[in-house]
Amino acid sequence: MSNNSQGLVKGEAAVVVPPPSGSVSSQDPPLSPSSTSKPPELPDELVQAGWAKCWSRRENRPYYFNRFTNQSLWEVPVLGQHDVISDPLGLNAAPTEGGDINVGNGQRKRRISEEQGPGPKRVKVEPTTPISPSTPGVKPWNSASEEKPAQPATPTAPSPAPAVYRPAVIYWDLDLQTNAVVKEHPPDNHLLPPHPEIELQRAQLVTKLRQHYHELCHQREGIDPPRESFNRWLLERKVIDKGHDPLLPSDCEPVVSPSMFREIMNDIPIRLARIKYKEEARKLLFKYAEAAKRMIDSRNASPDRRKVVKWNAEDTMNWLRRDHSASKEDYMDRLEHLRQQCGPHLTAVAKDSVEGICTKIYQLSVDYSRRLRQMHLNLLQDPPTEASASPQESRLVYCYPVRLAIPSPALPRVELHFENDMACLRFKGEMVKVNRGHFSKLELLYRYSCIDDTRFDKFLSRVWCLLKRYQAMFGSGANEGTGLQGALPVSVFEALIRQFGVSFECFASPLNCYFKQFGSAFPDVDGFFGSRGPFLSFSPVSGSFEANPPFSEELMDSMVAHFEALLNKSSEPLSFIVFVPEWRNPVTPALTRMEASRFLRHQLNIPAFEHEYRSGSQHICKRDEMYYRAVHGTAVLFLQNDAGFAKWGPTPERLAELMAAYRPSQPASLSSAGPAPNTPGEKDSTPKAAERTQSGVMSPVTSDDNNNTNSNTTRPTNTNNSCSSSSSSSSTSPQEKMAAV
Numbered sequence: 010m011s012n013n014s015q016g017l018v019k020g021e022a023a024v025v026v027p028p029p030s031g032s033v034s035s036q037d038p039p040l041s042p043s044s045t046s047k048p049p050e051l052p053d054e055l056v057q058a059g060w061a062k063c064w065s066r067r068e069n070r071p072y073y074f075n076r077f078t079n080q081s082l083w084e085v086p087v088l089g090q091h092d093v094i095s096d097p098l099g100l101n102a103a104p105t106e107g108g109d110i111n112v113g114n115g116q117r118k119r120r121i122s123e124e125q126g127p128g129p130k131r132v133k134v135e136p137t138t139p140i141s142p143s144t145p146g147v148k149p150w151n152s153a154s155e156e157k158p159a160q161p162a163t164p165t166a167p168s169p170a171p172a173v174y175r176p177a178v179i180y181w182d183l184d185l186q187t188n189a190v191v192k193e194h195p196p197d198n199h200l201l202p203p204h205p206e207i208e209l210q211r212a213q214l215v216t217k218l219r220q221h222y223h224e225l226c227h228q229r230e231g232i233d234p235p236r237e238s239f240n241r242w243l244l245e246r247k248v249i250d251k252g253h254d255p256l257l258p259s260d261c262e263p264v265v266s267p268s269m270f271r272e273i274m275n276d277i278p279i280r281l282a283r284i285k286y287k288e289e290a291r292k293l294l295f296k297y298a299e300a301a302k303r304m305i306d307s308r309n310a311s312p313d314r315r316k317v318v319k320w321n322a323e324d325t326m327n328w329l330r331r332d333h334s335a336s337k338e339d340y341m342d343r344l345e346h347l348r349q350q351c352g353p354h355l356t357a358v359a360k361d362s363v364e365g366i367c368t369k370i371y372q373l374s375v376d377y378s379r380r381l382r383q384m385h386l387n388l389l390q391d392p393p394t395e396a397s398a399s400p401q402e403s404r405l406v407y408c409y410p411v412r413l414a415i416p417s418p419a420l421p422r423v424e425l426h427f428e429n430d431m432a433c434l435r436f437k438g439e440m441v442k443v444n445r446g447h448f449s450k451l452e453l454l455y456r457y458s459c460i461d462d463t464r465f466d467k468f469l470s471r472v473w474c475l476l477k478r479y480q481a482m483f484g485s486g487a488n489e490g491t492g493l494q495g496a497l498p499v500s501v502f503e504a505l506i507r508q509f510g511v512s513f514e515c516f517a518s519p520l521n522c523y524f525k526q527f528g529s530a531f532p533d534v535d536g537f538f539g540s541r542g543p544f545l546s547f548s549p550v551s552g553s554f555e556a557n558p559p560f561s562e563e564l565m566d567s568m569v570a571h572f573e574a575l576l577n578k579s580s581e582p583l584s585f586i587v588f589v590p591e592w593r594n595p596v597t598p599a600l601t602r603m604e605a606s607r608f609l610r611h612q613l614n615i616p617a618f619e620h621e622y623r624s625g626s627q628h629i630c631k632r633d634e635m636y637y638r639a640v641h642g643t644a645v646l647f648l649q650n651d652a653g654f655a656k657w658g659p660t661p662e663r664l665a666e667l668m669a670a671y672r673p674s675q676p677a678s679l680s681s682a683g684p685a686p687n688t689p690g691e692k693d694s695t696p697k698a699a700e701r702t703q704s705g706v707m708s709p710v711t712s713d714d715n716n717n718t719n720s721n722t723t724r725p726t727n728t729n730n731s732c733s734s735s736s737s738s739s740s741t742s743p744q745e746k747m748a749a750v
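Numbering (the working numbering), first residue to last: 10 to 750.
Put into structure tokens, the structure is as follows:
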């Protein structure tokens, strides 16, 4: 059944997992974790099978809707006759042999197959259930600005739903139900409901903080801030932040960010980039020697440090004046030698200044966060109360979207209009955009997940807050920050679903998610659109998960620790399929830890240029810019406990299909979405984090780089300094770096 004509669903009900064999639960399963006042109007068996009784205002009579199968019936359903899910838990149910795992998604699958090009023919699936009545009180988001008078209802058959926008190509599957089981928990009592006024203020303060960062780097170090280092700072702080603001860090330890520190230090005394010609190498070597000498003269350095740096810089300049027949490799070797000799001394004299930049940015963030929270509390109708106690007996339920305990206040009006294929939402002169396909997706996610706004009165305001939040996080530069939202191709998701039972994304957002259940960074705005909250705070008991995290080393390391803790604790089937960059020079701690894990069942290494990713700006980019080739290898690791391995183990047949799905759908010359693929002799443009910035001589991250797909993690120079020794340093030789070009 088409998702465009869903019946009214009071959010996603939490399906209670039956107790272990031999025990019987005496507690009636609720429709949702918080519904305790009203008894169910259907037998428990039908409720567990996904049925709910709803009311059609158009027909002025009740109907029955199944949230698992999207079926709608006028008569009371008969258990076993109308429901297609025999096992409500879905923990042990295998896909029907010869059939599609996603019942009711035939139209979407056909459109995806057309986009992906030639491939296995799919059997056309025609809907066999009646079209559900239109959602009561929900306005279709079409070009009509006013509602037409309601037509008199006919008692014979439901009226067809109003025509809505149908995207030509869809990059998601919102019909697939989750197999992720969690312990029931109460609504979150600390998150404040989003409000356009507060979101506008937050965006302005984040922009102001970015400007402060830019000014401090210029004034204190004479450099531009490393590209997207502020975005990676937000990510790294998010891992350890205990404050209440969803975006701005306000309670972190340590205060000095290792990510920001090493990235600034890596650009001192000048930013280095990949070299194309011999003359560029010569010029860069001279600029580095000159900048190193100038820097050591202007700082409080010991006589020994000043002597070493000045002697090496002058020796390099003399060599440049003498030798005019040197090759590009000679200049690269000389630059690497100069950096090894001067780097530790330059780091030592710049350490206090760089730490001061990191501290100042954090202190400003704390102040802004405190100011925002006070403004937000003043807008609420009821002040937050103390956190409610957890249920006495935590039950196992299917995962469900984040719920807020604090009620949402009345939200101001947000204007909506359409410009060609873009939906434009405006509040107080601030406009955000999203293409109409993703706008339709957000409407569906909201309908599935939101339980406090059945009439969609707050829908536009919440969409505006969602888009503004991610816009503030990304930054205002061209293509900036879209690397935080990169995703796997549709064909890979389809293979993961068919072969490994994947139904949940650990790191996604409402804008780039493939399923309607996912983990994301901002539960306060994303929860209305299906988010289960940050995955590092999400503790599933069983299920099959896909993890493609932003490429922040701190985040990836925390992710692996969380996965291993979950696998250690659960005896139910639990599986994590992890996609991370295959960085080896030096190797990341997360990759090292996963390769040594006792839960590692298999590892695939996808070579560079032989696979692609979906653009992080897919909600606003053009169709021909949706995919682009990865310029780095990707490691795919299967972390599974014993039960998960028995159920979803990486057999040769399953791995073969996954590898086949990873083959790019277009030739490299046509895969131009976002950053273009690298070609020999050109400066690097680094999609999907390309390679980490090496010790600087051949850094892929240049000042004119395009954005990444998952955030770059800039690697530091080995300065033998205590403050930067915690982060790995590059050991790549100049010859290896030349080969990379």
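We treat Cβ as the ideally placed atom computed from N, Cα and C, and that holds for glycine.
- Under the three-state reduction of DSSP output, tryptophan 657 falls in the helix class.
- Annotation: the continuous beta strand (DSSP E) that includes asparagine 614 extends over 609 to 615.
- Around the C-beta of lysine 656, 16 or more other C-beta atoms lie within 10 Å, and the residue is accordingly described as buried.
- The bridge partners DSSP lists for glutamate 206 come to none.
- Here serine 540 is bridged, per DSSP, to Phe527.
- Around the CB of aspartate 332, fewer than 16 other CB atoms lie within 10 Å, so the residue is classed as exposed.
- For valine 589, the closest C-alpha among the options Pro549, Lys302 and Leu646 is that of Leu646.
- For the segment 400 to 440, the continuous beta strand (DSSP E) assignments of 3+ residues that do not extend past its boundaries occur at 405 to 407, 424 to 428 and 431 to 436, in sequence order.
- Taking C-beta separations shorter than 8 angstroms and ignoring five residues to either side along the sequence, the partners of proline 418 in its chain run Pro202, His204, Leu388, Leu389 and Gln390, following chain order.
- The C-beta of alanine 574 has fewer than 16 other C-beta atoms within 10 Å across all chains shown, which makes the residue exposed.
- When C-alpha distances from methionine 274 are compared across Val264, Val363, Lys192 and Ala310, the shortest belongs to Val363.
- Valine 499 sits away from isoleucine 586, with the two beta carbons spaced by 9 angstroms or more.
- In the DSSP secondary-structure assignment, alanine 556 is bridged to Val587.
- A distance below 6 angstroms between beta-carbons, with the five flanking residues on each side excluded, links leucine 564 to the following residues of its chain, in chain order: Leu244, Val248 and Pro558.
- Beta bridge pairing from DSSP links lysine 62 with Tyr73.
- The residue from Ala605, Gln508, Leu225 and Glu555 with its alpha-carbon nearest to that of alanine 669 is Gln508.
- Annotation: aspartate 535 to aspartate 339 spans about 53 angstroms, alpha carbon to alpha carbon.
- In terms of CA proximity to arginine 632, Tyr180 leads the group Trp64, Gly528, Tyr73 and Tyr180.
- For arginine 593, DSSP records a beta bridge to Val596.
- Separation of proline 595 and arginine 343 (C-alpha to C-alpha, rounded to the nearest whole angstrom) is 22 angstroms.
- Restricting attention to Pro195, Gly642, Pro52 and Glu323, the CA atom closest to the CA of asparagine 614 is found in Gly642.
- With fewer than 16 other beta carbons inside 10 angstroms of its own, glutamine 383 counts as exposed.
- C-alpha of alanine 359 to C-alpha of glutamine 350: approximately 16 angstroms in a straight line.
- If you draw a straight line from the Cα of aspartate 324 to the Cα of glutamate 289, it comes to about 19 angstroms.
- Burial check for asparagine 188: the Cβ neighbour count within 10 Å reaches 16 or more, so the residue is buried.
- Pairing valine 317 with histidine 346 gives a Cβ-Cβ distance that is not under 9 angstroms.
- When DSSP states are grouped into helix, strand and coil, glutamine 480 belongs to the helix group.
- Between the C-alpha atoms of phenylalanine 448 and valine 265 there is a straight-line separation of about 39 angstroms.
- When the alpha-carbon of leucine 185 is set against those of Leu505, Leu648 and Met635, the nearest one is in Leu505.
- Contact check for glutamine 627 against alanine 496 passes: the beta carbons are separated by less than 9 angstroms.
- CA-CA distance, glutamine 210 to glutamate 591, rounds to 39 angstroms.
- In the three-state scheme derived from DSSP, where H, G and I count as helix and E and B as strand, glutamate 193 is classed as coil.
- Restricting attention to Thr601, Ser458 and Pro255, the CA atom closest to the CA of proline 543 is found in Pro255.
- DSSP places leucine 648 inside the beta strand (DSSP E), whose first and last residues are 643 to 649.
- In the structure shown, serine 378 adopts helical secondary structure according to DSSP, grouped into three states.
- Annotation for leucine 373: Leu218 and His221 place their beta carbon closer than 7 angstroms to its own, counting only its chain and skipping 5 residues before and after.
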